[in-house]
Amino acid sequence: MAVDCALSKLGQFVQVAARGATSYLELAARDLSCSLARIYMGALLIENATWEGASDSDIYAATRWCEQDLCPVVNNKDHGWYNPETPDKDAMLVYEVSPHHGQSMAGE
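Per our numbering, numbering through the sequence shown is continuous, rising by one, with the last residue being 185.
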């Protein structure tokens with residue numbers, strides 16, 4: 078059920094993101110691929126756990142895996158992590174000139 082829910086959320090995210098700016102998908106790309114991997118691994122673990130010869134450990138592993146956030150791209154979107162201003166603000170944070178030293182903080 079967790080895998081189905083995560084897959085549904087991912088599908089909705091992709092449909093919305095596909096209509097948006099390319100930069101939006103560029104910001105979300107790593108989380109999108111991580112979400113795909115987590116969902117796929119969950120499906121494989123569930124398939125293994127339902128096998129006739131599955132052990133209690135197989136079932137527990139599938140259960141534990143599916144307890145985590147299988148679709149982090151959706152939660153990160155909800156937190157505003159893919160805002161188009163994010164890359165510029167991140168760069169400003171990293172390369173901001175220190176008023177105390179007159180040079181970039183990265184150069185220290």
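Note that the Cβ used here is the ideal one computed from N, Cα and C, for glycine as well.
Here the structure is a predicted model, which is why all the values come from computation and not from measurement.
Here's the rule: buried if 16 or more other CB atoms are within 10 angstroms of the residue's CB, otherwise exposed. What is residue i?
{"i": "LEU170", "result": "exposed"}
{"i": "ASN153", "result": "buried"}
{"i": "TYR137", "result": "exposed"}
{"i": "VAL93", "result": "exposed"}
{"i": "ARG107", "result": "exposed"}
Compute the Euclidean distance between the alpha carbons of residue i and residue j, then round it to the nearest angstrom.
{"i": "CYS111", "j": "MET118", "result": "10 angstroms"}
{"i": "GLN145", "j": "GLU173", "result": "36 angstroms"}
{"i": "GLY157", "j": "LEU122", "result": "31 angstroms"}
{"i": "ARG96", "j": "ALA139", "result": "34 angstroms"}
What three-state label does DSSP hand residue i in the structure shown?
{"i": "THR127", "result": "coil"}
{"i": "GLY88", "result": "helix"}
{"i": "SER100", "result": "helix"}
{"i": "MET169", "result": "helix"}
{"i": "MET78", "result": "coil"}
Within a Cβ cutoff of 6 angstroms, which residues of the same chain sit near residue i, ignoring the five residues on either side of it in sequence?
{"i": "ASP135", "result": "ASN125, ALA126"}
{"i": "TYR159", "result": "TYR101, LEU104, ALA105"}
Could you name the residues of the same chain whose beta carbon sits closer than 8 angstroms to that of residue i, not counting the 5 residues immediately before and after it, in chain order?
{"i": "ALA98", "result": "PRO161"}
Less than 7 angstroms between C-beta atoms, sequence neighbours within five positions excluded: which residues of the same chain meet that for residue i?
{"i": "TRP142", "result": "MET118, GLY119, LEU122"}
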